[in-house]
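Novice: Numbering (our numbering), first residue to last: 619 to 736.
Ideal Cβ positions, reconstructed from N, Cα and C, are used throughout, including at glycine.
Just so we're clear, the structure is a prediction, and the values are computed from it rather than from any experiment.
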(Lines of atoms letter the chains of each structure in order from A and count residues from 1; the text may use other names and numbers.)
(Lines give C-alpha, C1' and ligand atoms only; values in the text may rest on other atoms or scores of the structure.)
Protein backbone atom coordinates (compact mmCIF):
# COMPACT_ATOMS: atom_id res chain seq x y z
CA UNK A 1 0.00 0.00 0.00
CA UNK A 2 2.76 2.48 0.91
CA UNK A 3 2.25 6.22 0.96
CA UNK A 4 2.37 7.18 -2.70
CA UNK A 5 -0.66 9.47 -2.79
CA UNK A 6 1.43 12.33 -4.23
CA UNK A 7 2.56 10.22 -7.20
CA UNK A 8 -0.96 8.92 -7.75
CA UNK A 9 -2.35 12.45 -7.52
CA UNK A 10 0.20 13.79 -10.01
CA UNK A 11 -0.64 11.01 -12.47
CA UNK A 12 -4.40 11.54 -12.06
CA UNK A 13 -4.26 15.34 -12.17
CA UNK A 14 -6.28 15.60 -8.96
CA UNK A 15 -5.76 14.87 -5.27
CA UNK A 16 -5.96 11.18 -4.47
CA UNK A 17 -6.39 10.36 -0.79
CA UNK A 18 -5.43 6.85 0.24
CA UNK A 19 -7.71 5.14 2.77
CA UNK A 20 -4.63 4.33 4.83
CA UNK A 21 -0.87 4.36 4.47
CA UNK A 22 1.70 1.81 5.49
CA UNK A 23 5.37 2.72 5.26
CA UNK A 24 8.45 2.90 7.45
CA UNK A 25 8.70 6.55 6.33
CA UNK A 26 6.17 7.88 8.81
CA UNK A 27 6.84 11.48 7.76
CA UNK A 28 5.35 10.63 4.36
CA UNK A 29 2.07 9.37 5.78
CA UNK A 30 0.54 12.85 5.60
CA UNK A 31 -1.71 13.60 2.66
CA UNK A 32 -1.50 16.36 0.08
CA UNK A 33 -3.53 19.41 0.96
CA UNK A 34 -4.60 22.75 -0.45
CA UNK A 35 -1.12 24.22 0.00
CA UNK A 36 0.98 21.30 -1.23
CA UNK A 37 -1.14 20.03 -4.13
CA UNK A 38 -0.64 23.10 -6.38
CA UNK A 39 3.13 22.83 -5.88
CA UNK A 40 3.15 19.15 -6.85
CA UNK A 41 0.70 19.68 -9.71
CA UNK A 42 2.48 22.67 -11.24
CA UNK A 43 6.16 22.34 -10.38
CA UNK A 44 7.01 18.64 -10.05
CA UNK A 45 7.96 16.96 -13.33
CA UNK A 46 8.26 13.38 -12.15
CA UNK A 47 8.38 11.22 -9.02
CA UNK A 48 10.13 8.02 -8.12
CA UNK A 49 8.36 5.57 -5.84
CA UNK A 50 10.64 3.50 -3.62
CA UNK A 51 9.89 0.50 -1.45
CA UNK A 52 10.57 0.41 2.29
CA UNK A 53 13.53 -1.94 1.79
CA UNK A 54 15.21 0.69 -0.43
CA UNK A 55 14.62 3.33 2.25
CA UNK A 56 16.17 1.07 4.88
CA UNK A 57 19.16 0.43 2.60
CA UNK A 58 19.64 4.19 2.14
CA UNK A 59 19.49 4.65 5.93
CA UNK A 60 22.03 1.86 6.36
CA UNK A 61 24.40 3.47 3.85
CA UNK A 62 24.11 6.81 5.65
CA UNK A 63 24.91 5.15 8.94
CA UNK A 64 27.77 2.96 7.68
CA UNK A 65 29.46 5.38 5.28
CA UNK A 66 28.58 8.85 6.56
CA UNK A 67 28.21 7.89 10.23
CA UNK A 68 24.91 9.79 10.25
CA UNK A 69 21.57 8.50 11.48
CA UNK A 70 18.70 9.71 9.30
CA UNK A 71 15.03 8.97 9.68
CA UNK A 72 13.24 7.02 6.95
CA UNK A 73 11.54 10.07 5.42
CA UNK A 74 14.90 11.84 5.37
CA UNK A 75 16.54 9.01 3.43
CA UNK A 76 13.95 8.83 0.67
CA UNK A 77 15.88 11.11 -1.71
CA UNK A 78 18.96 8.90 -1.50
CA UNK A 79 16.82 5.80 -1.97
CA UNK A 80 15.30 7.35 -5.10
CA UNK A 81 18.67 8.29 -6.63
CA UNK A 82 20.01 4.79 -5.99
CA UNK A 83 16.98 3.20 -7.68
CA UNK A 84 16.80 1.62 -11.12
CA UNK A 85 13.94 4.00 -11.93
CA UNK A 86 16.34 6.92 -11.55
CA UNK A 87 19.21 5.30 -13.46
CA UNK A 88 16.96 4.16 -16.31
CA UNK A 89 15.01 7.40 -16.74
CA UNK A 90 16.24 9.25 -19.86
CA UNK A 91 15.29 12.59 -18.29
CA UNK A 92 18.07 12.13 -15.73
CA UNK A 93 20.60 10.31 -17.89
CA UNK A 94 22.92 13.30 -18.21
CA UNK A 95 22.71 14.40 -14.56
CA UNK A 96 26.20 14.58 -13.15
CA UNK A 97 25.69 16.84 -10.14
CA UNK A 98 22.94 15.82 -7.77
CA UNK A 99 22.18 17.30 -4.38
CA UNK A 100 20.35 15.19 -1.82
CA UNK A 101 19.05 16.52 1.47
CA UNK A 102 19.39 13.98 4.28
CA UNK A 103 17.38 14.91 7.31
CA UNK A 104 16.05 13.95 10.66
CA UNK A 105 17.47 11.97 13.46
CA UNK A 106 14.07 11.23 14.92
CA UNK A 107 14.54 7.47 14.83
CA UNK A 108 13.52 4.81 17.31
CA UNK A 109 16.81 2.90 17.48
CA UNK A 110 15.07 -0.40 18.22
CA UNK A 111 13.03 -0.01 15.04
CA UNK A 112 16.17 1.02 13.14
CA UNK A 113 18.17 -2.04 14.20
CA UNK A 114 15.21 -4.33 13.48
CA UNK A 115 14.93 -2.79 9.99
CA UNK A 116 18.62 -3.37 9.32
CA UNK A 117 18.30 -7.03 10.32
CA UNK A 118 15.43 -7.74 7.89
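#1: Would you mind working out which of 641, 650, 684 sits nearest residue 628, comparing C-alpha positions?
#2: Where does residue 568 land, buried or exposed, given buried means 16+ other C-beta within 10 angstroms?
#3: In chain order, what residues of the same chain have a beta carbon less than 7 Å from the beta carbon of residue 676, not counting five sequence neighbours either side?
#4: Less than 8 Å between the CB atoms is what I'm expecting for residue 644 and residue 721, so what's the real figure, rounded?
#5: Using the Cα positions of residue 621 and residue 639, report the straight-line distance between them to the nearest angstrom.
#6: Work out the CA separation of residue 688 and residue 723 for me, nearest whole Å.
#7: How many Å lie between residue 672 and residue 633 at the Cα?
#8: Distance check for residue 656 and residue 624, CA to CA, integer angstroms please.
#9: In terms of residue numbering, what span does the alpha helix (DSSP H) encompassing residue 671 cover?
#10: Taking only beta-carbon positions, decide if residue 706 is within less than 8 Å of chain B.
#11: For residue 703, does the three-state DSSP call read helix, strand or coil?
Specialist: Quick look at the numbers:
#1: Position 10 of the chain shown, counting from 1, holds the residue named residue 628. Residue 628 has its Cα closest to that of 650, out of 641, 650, 684.
#2: The requested residue 568 is not part of the displayed model; the chain covers only 619 to 736.
#3: Numbered from its first residue, the chain shown carries residue 676 at position 58. Excluding positions up to five away in sequence, the list reads 693, 696, 697, 700.
#4: The residue you call residue 644 lines up with position 26 of the chain shown. The residue you call residue 721 lines up with position 103 of the chain shown. Contact doesn't hold; Cβ gap of about 13 Å is too wide.
#5: Translated into positions along the chain shown, residue 621 becomes position 3. Translated into positions along the chain shown, residue 639 becomes position 21. So the two alpha carbons sit approximately 5 Å from each other.
#6: In the chain shown, residue 723 corresponds to position 105, counting from 1. In the chain shown, residue 688 corresponds to position 70, counting from 1. Going from the Cα of residue 723 to the Cα of residue 688 covers about 5 Å.
#7: Here residue 672 is taken as the residue at index 54 of the chain shown, counted from 1. Here residue 633 is taken as the residue at index 15 of the chain shown, counted from 1. When rounded, the distance between both Cα atoms is 26 Å.
#8: For the purposes of this step, residue 624 is taken as the residue at position 6 of the chain shown. For the purposes of this step, residue 656 is taken as the residue at position 38 of the chain shown. Roughly 11 Å between the two C-alpha positions.
#9: Position 53 of the chain shown, counted from the first residue, corresponds to residue 671. Where residue 671 is concerned, the enclosing alpha helix (DSSP H) stretches over 670-679.
#10: Absent here is chain B; the protein component of the structure consists of one chain.
#11: In the chain shown, residue 703 corresponds to position 85, counting from 1. Note: residue 703 maps to helix in three-state DSSP.
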